[in-house]
Structures are given as structure tokens and as C-alpha cells.
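Undergrad: Quick note on numbering: the sequence shown equals residues 24 to 105 in the working numbering. A virtual CB, placed ideally from N, CA and C, is assigned to each residue, including glycine.
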Amino acid sequence: ILLLLSGMADNVLKPLMLGRGVDAPMPVVLLGALGGMATGGILGMFVGATLLALGYQIFMSWVATNPDSNAAAPKTDSEETT
24 ILLLLSGMAD NVLKPLMLGR GVDAPMPVVL LGALGGMATG GILGMFVGAT
74 LLALGYQIFM SWVATNPDSN AAAPKTDSEE TT
């Protein structure tokens, strides 16, 4: 009975733990889970993977944004002579 319950729980928990629907690469999630587990135990495994995946998404969206149009752009030769 214990093996049956364990197998059924694995079918539910595995997709949740593997991050279905998250656009973060699996090595990022794995690194976060291992680092979190090393620092915070079982709870840290979940928190570490979540925080690292969130940080990855924030970093990738920051890299993908265009610079502000009001930012000072370097002047070209034609702008300096006029």
C-alpha cells in the first residue's frame, strides 16, 4: 500500500517539482534546487529553485529590454560639426 501511495504521489509531485510551464532552463532549476538544499534543507530546495528561476527570468527580461530613448547617445561626427 505504501508503494502504491508513493507512486501516485510521484505522478503528482514530479511535474510540480520539475517546473512545468516555467521558461527557465532545467540546469538553472537544478542548480537552484541543489544550492537551496545545501543551505536550507528540504524547504530550501523548493525556495532556492524558485528564487533562482525568478532571478533568471528577471535578468533575461532586463537584457531583452531596449535602452531608454531619453538616454544620452554618443554623438556622431555629423552631429558634432553642426
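Are the C-beta of G71 and some C-beta of chain C separated by less than 8 angstroms?
TA: Of the protein chains in the structure, only one exists, and it is not chain C.
Undergrad: Between the Cα of L53 and those of W85, G30, T73, A87, spot the shortest distance and give me the residue it belongs to.
TA: Considering only alpha carbons, the answer is T73.
Undergrad: Confirm, please, whether the CB-CB distance from V70 to G63 is below 8 angstroms.
TA: Yes. Within cutoff.
Undergrad: Can you tell which of L75, L66, S84 has the C-alpha that lies nearest to the C-alpha of G55?
TA: Out of L75, L66, S84, L75 has the C-alpha closest to the C-alpha of G55.
Undergrad: If you draw a straight line from the alpha carbon of G30 to that of A87, how long is it in whole angstroms?
TA: In a straight line, the C-alpha of G30 is about 41 angstroms away from that of A87.
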